[in-house]
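Structure, as structure tokens:
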Amino acid sequence: IMEEVKKEGGGMDMCQAIREMVEDGRKEGRRLGEEEGRRLGEKEGRRLGEQRLRLLMTYMCDAGESDMIIKVVKDEELLQEMYRKYQIEE
Numbered sequence: 742i743m744e745e746v747k748k749e750g751g752g753m754d755m756c757q758a759i760r761e762m763v764e765d766g767r768k769e770g771r772r773l774g775e776e777e778g779r780r781l782g783e784k785e786g787r788r789l790g791e792q793r794l795r796l797l798m799t800y801m802c803d804a805g806e807s808d809m810i811i812k813v814v815k816d817e818e819l820l821q822e823m824y825r826k827y828q829i830e831e
């Protein structure tokens, strides 16, 4: 029977063909999972970044520094300094 399968399968036995199909399926599943994970990771990162910035803006307004918000948002070093000043974790 295996000889017939090998002949019909172009020299490849059926078990090997099934193993390759399963492995291809796993690779595709991993690739799709990684893409989905990256997309969700980016989305979650954006959400957390926005939440962190809103918290900083709230603290600055409460401290009477609302006039500095635009300047802080445009300057990455100043922004990081303000996060440290108000002890806002990443």
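In the numbering used here, the protein residues as written are 742 to 831. From the three backbone atoms N, C-alpha and C, an ideal C-beta is built for every residue, glycine too. Note that the coordinates shown come from a computational prediction; the quantities given were computed from them, not determined experimentally.
Could you check where the alpha helix (DSSP H) with E831 kicks off and where it finishes?
Neither: E831 is in no alpha helix (DSSP H) and is coded neither H nor E.
Separation of I810 from D803, as counted between CA atoms
12 Å
So, for V814: in the same chain, excluding its five sequence neighbours on each side, which residues have a beta-carbon less than 7 Å away from its beta-carbon?
L820
Please report the straight-line C-alpha distance between G766 and G786, rounded to a whole angstrom.
30 Å
D816 - DSSP class collapsed to helix/strand/coil
coil
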